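Chemist: Starting off with a structure, shown below.
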Amino acid sequence: MNTGKKPGRWGDRRRIRIGLLGGSFNPAHDGHRHVALHALKALRLDQVWLLVSPGNPLKPRAGMAPFAERLASAQRIGDGVRLLASGIEAAIGQRYSARTLQRLQQLFPRARFVWIIGADNLWQLPKWRDWRRLAARTPLAVLPRPGWTRRALHGAAAARLRRHRRAPGALLQDGPPGWALVPAPEHPASATALRQAAAAAAAPVAPEQLRRAGLRPG
């Protein structure tokens, strides 16, 4: 099986285990790569696709980088073989995860998908459109996130799906889809923090700040 093959835009019939890690990737960072690689190893996946959203319905447009820029940032953290950046959501015209999954299952009928989310998204899952349908169609792999893991495990989605919780090793076994917390160190990287740091670095320094630092304004 050629697991290094990139997915065809309009589908293919490979029998393959694929993790789907969706997001804005505004920008993609080491935390995304950390989550993807831990899921890849723990769940014995063939590939993880970084699904770059054309527009996350739950996030404001203000401050959102252009799609091409976000896709390029995802490509930089991938390897093009087992960790693939994908703009397929834009190609198929979908923004909602449940609809994306339904279309992908039609395009790749022999693939076995697992949806990868951080603990913060497990907490927010009830805000997603048709989230119960998503959980009923594919396993959910939840990765720890700083400040969110314990909170998410006591949230509404975890309570609703409690009887479907599995051990990570059993997540892709035959039977009804379930969900699992995949053990992994919490990674501190945050796209919000990166954007704030970039904005601070680009901001002009006020003359008063220069004087306090013992420098003359230019």
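Residue numbers 27 to 244, in my numbering, belong to the letters of the sequence shown in order. Each residue gets a CB set at the ideal place from its N, CA and C atoms; glycine is no exception. From a predicted model like this one, the values you see are computed outputs, not experimental measurements.
Around the C-beta of V168, are 16 or more other C-beta atoms found within 10 angstroms, so that it is buried, or is it exposed?
Modeler: Burial call: buried.
Chemist: In whole angstroms, what is the alpha-carbon distance linking A94 and G49?
Modeler: Distance between the alpha carbons of A94 and G49: 14 Å.
Chemist: Give me, in chain order, the residues of the same chain whose beta-carbon lies closer than 6 Å to that of R39; leave out the 5 immediate sequence neighbours on both sides.
Modeler: Only R136 meet the Cβ criterion.
Chemist: Count the other CB atoms, across all protein chains shown, that sit within 10 Å of the CB of V78; report buried if there are 16 or more and exposed otherwise.
Modeler: With 16 or more Cβ atoms within 10 Å of its Cβ, V78 is classed as buried.
Chemist: Runs of 4 residues minimum, wholly inside the segment 63-137: which ones carry the alpha helix (DSSP H) assignment?
Modeler: Here the runs fully enclosed are 93-103, 114-118, 123-133.
Chemist: Where does A145 fall in DSSP's three states?
Modeler: Helix at A145.
Chemist: Which whole-angstrom value is the C-beta distance of G57 and A215, which I expect to be below 8 Å?
Modeler: With a Cβ gap of about 3 Å, G57 and A215 count as contacting.
Chemist: How is R191 classed by DSSP in three states: helix, strand or coil?
Modeler: Strand at R191.
Chemist: Quickly, what does DSSP pair W205 with across the bridge? List them, please.
Modeler: Per DSSP, L166, R191.
Chemist: Closest to A185 by C-alpha separation, out of V208, R155, L148, would be which residue?
Modeler: Among V208, R155, L148, the Cα nearest to that of A185 belongs to L148.
Chemist: Check R43 in the structure and name its three-state DSSP category.
Modeler: DSSP places R43 in strand when its eight states are reduced to three.
Chemist: When you compare the CB positions of V74 and A65, do they come within less than 8 Å of one another, or not?
Modeler: Yes, these two residues count as a Cβ contact at 8 Å.
Chemist: Here's the rule I'm using: 16 or more other beta-carbon atoms within 10 Å means buried, otherwise exposed. How should H213 be labelled?
Modeler: So H213 ends up on the buried side.
Chemist: By the three-class DSSP mapping on this structure, what secondary structure does G57 have?
Modeler: Reduced to three states, the DSSP call for G57 is helix.
Chemist: Is the beta carbon of R191 closer than 8 Å to that of A178?
Modeler: Going by C-beta atoms, A178 is not nearer than 8 Å to R191.
Chemist: Which residues in the same chain have their Cβ closer than 7 Å to the Cβ of Q120, if we skip the five residues on either side of it in sequence?
Modeler: Here the set comprises T126, R129.
Chemist: Tell me the rounded alpha-carbon separation between G204 and L166.
Modeler: Spanning the two alpha carbons is a distance of roughly 6 Å.
Chemist: DSSP has F139 in a bridge; who is on the other side?
Modeler: According to DSSP, which records beta bridges pairwise, F139 is partnered with I44.
Chemist: My assumption, with CB atoms under 8 Å, is that R108 sits in contact with G144. Please give the rounded CB distance.
Modeler: Not really, about 20 Å apart at Cβ, beyond 8 Å.
Chemist: Measure the beta-carbon distance from L76 to A54 and round it to whole angstroms, keeping in mind my assumption that it falls under 8 Å.
Modeler: 7 Å between Cβ atoms; contact.
Chemist: Using only the alpha-carbon positions, how far apart do N52 and I142 sit?
Modeler: Rounded to whole angstroms, N52 to I142 spans 18 Å at the Cα level.
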